[in-house]
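Enquirer:
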Amino acid sequence: MDFKNSYQRKKVINNQISLFVINTIVLFFLSIALFTYLKSSSIENYFKENVTVNIYLKNSSADSNVKQLNKFLNLNETVKSIELISKEDAAELFANEIGEEFVGFLGYNPLLDLVSVRLYGDKIDIYNIEDFIESLDNFEFIEEIEYDKPLVESLVYNFERIGILIVLISVLFFITSFILINNSIKISIYSKKDIIKTMQLVGATKSFIRRPFIASYVKIGFYSSITSLILIFTLLFQVSFELDEIDFFSNTNDIMILVSFIILFGIFTSYISSHFMTQKYLKLKISR
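Heads up, my numbering is the position in the sequence shown plus 30, with the first residue counted as 1.
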């Protein structure tokens, strides 16, 4: 008898561990999908903000002209950063790049003073950049304005499609996660159907029978959620360490949404699945 009880306890523990591992893996991948969705705009802006609009100034431009332009750009809400590169600095950078002192060879510096402007990522598309360039028409000391138009078009086009793909994948992960967790609990409860029948035979009420099952699976759902969050944050810290330019934790709202959703999803799915599956077996007729 003791051997049988020991075997049953071991079977229950193994069953719970298997369910915990499955739930954790499912919730971990759901966390990745949700976090990618939440951070998609930030990732998009990160790439877009590497696009520069280069404003070349005429040789005749005075310091007062540069200050005037700088003031105008600082007041522009679409501008994120401004960098002034003098023709001398540009010549030095170019010489280092080609490995040759071209100014001495030519006898003069053919380069121009440059104001390198980066716009906010959510402001970057062809129309906004063209509007920004048009706003500089009144500055007669500007020689030329250029930016990588094909790159901008490519970024806008690709990120529109990536955004749609991320939404579809997130929805797919959500549905798949629910189905997998539900099926795992279904299999687990099925293995305990004899216990449910035994409790019914001794006259236990339905709510009394359901309560320990629901509590057990909700607890597993909660622990699985916490474990999956620990795994995803460990992964994000590692990625942030490797890529200093990307800060995954700057927006606390995204973090709170992720944590709240995963915990609630893990608990809610476990509760719903265990409730309906125990109810299913409680409705089966038993022979006394």
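From the three backbone atoms N, C-alpha and C, an ideal C-beta is built for every residue, glycine too.
With a Cβ-Cβ cutoff of 7 Å, do S61 and I297 count as a contact?
Expert: Position 31 of the sequence shown, counting from 1, holds the residue named residue 61. Position 267 of the sequence shown, counting from 1, holds the residue named residue 297. For S61 and I297, no; Cβs fall outside 7 Å.
Enquirer: If distances are taken between C-alpha atoms only, which option among F171, S146, E183 and S300 comes closest to F158?
Expert: Position 128 of the sequence shown, counted from the start, is the residue given in the question as residue 158. The amino acid at residue 158 is misidentified as Phe; the sequence shows Asn. Ranking F171, S146, E183 and S300 by Cα distance to N158 puts E183 first.
Enquirer: Give me the Cα-Cα distance between N104 and L149, rounded to the nearest whole angstrom.
Expert: Here residue 104 refers to the residue found at position 74 when the sequence shown is read from its first residue. Here residue 149 refers to the residue found at position 119 when the sequence shown is read from its first residue. Cα-Cα distance, rounded: 11 Å.
Enquirer: Quick one: is T264 near chain C, going by C-beta distance under 7 Å?
Expert: Protein chains in the displayed structure number just one, and chain C is not present.
Enquirer: Would the beta-carbon of S254 fall within 7 Å of that of T54?
Expert: Here residue 254 refers to the residue found at position 224 of the sequence shown. Here residue 54 refers to the residue found at position 24 of the sequence shown. Cβ distance < 7 Å, so S254 and T54 count as in contact.
Enquirer: By how many angstroms is the C-alpha of L181 removed from the C-alpha of S91?
Expert: The count along the sequence shown starts at 1 and reaches residue 91 at position 61. The count along the sequence shown starts at 1 and reaches residue 181 at position 151. In a straight line, the C-alpha of S91 is about 30 Å away from that of L181.
Enquirer: At 4 residues or longer, what runs of the alpha helix (DSSP H) sit wholly inside the stretch 80 to 113?
Expert: The qualifying runs are 93 to 105.
Enquirer: So within the stretch 129 to 200, which uninterrupted beta strand (DSSP E) runs reach at least 3 residues, ignoring any that extend past its ends?
Expert: You should have 144 to 149 and 172 to 176.
Enquirer: Looking only at its own chain, which residues have a Cβ that is under 8 Å from the Cβ of V248, when we skip the five neighbours before and after it?
Expert: Counting from 1 along the sequence shown, the entry for residue 248 is found at position 218. Closer than 8 Å at the Cβ level, and outside the excluded window around V248, lie I297, S300, Y301 and S304.
Enquirer: Considering only the alpha carbon of each residue, which of K222, S200, Y187 and E74 lies closest to G151?
Expert: In the sequence shown, the residue the question calls residue 151 occupies position 121. Ranking the options by Cα distance to G151, first place goes to E74.
Enquirer: Alpha carbons only, please: which of K179, F169, E170 and D143 is nearest the one belonging to E160?
Expert: Within the sequence shown, residue 160 is the residue found at index 130, counting from 1. For the residues K179, F169, E170 and D143, the minimum Cα distance to E160 belongs to K179.
Enquirer: Would you tell me roughly how many angstroms separate the C-alpha atoms of V232 and V269, rounded to the nearest one?
Expert: As a first step, residue 232 must be located in the sequence shown, where it is residue number 202. As a first step, residue 269 must be located in the sequence shown, where it is residue number 239. For V232 and V269, the distance between alpha carbons rounds to 56 Å.
Enquirer: Output needed for S218: all residues of its chain with C-beta closer than 6 Å, excluding positions within five of it in sequence on either side, in chain order.
Expert: Taking the sequence shown and counting its residues from 1, one reaches residue 218 at position 188. Within the same chain, S218 has close Cβ partners N45 and L49.
Enquirer: DSSP on K34, reduced to helix/strand/coil?
Expert: Here residue 34 is taken as the residue at index 4 of the sequence shown, counted from 1. Here the model assigns K34 a pLDDT of 48, short of 50, so the residue's position is not dependable, and the following value carries that caveat. Here K34 sits in helix by DSSP.
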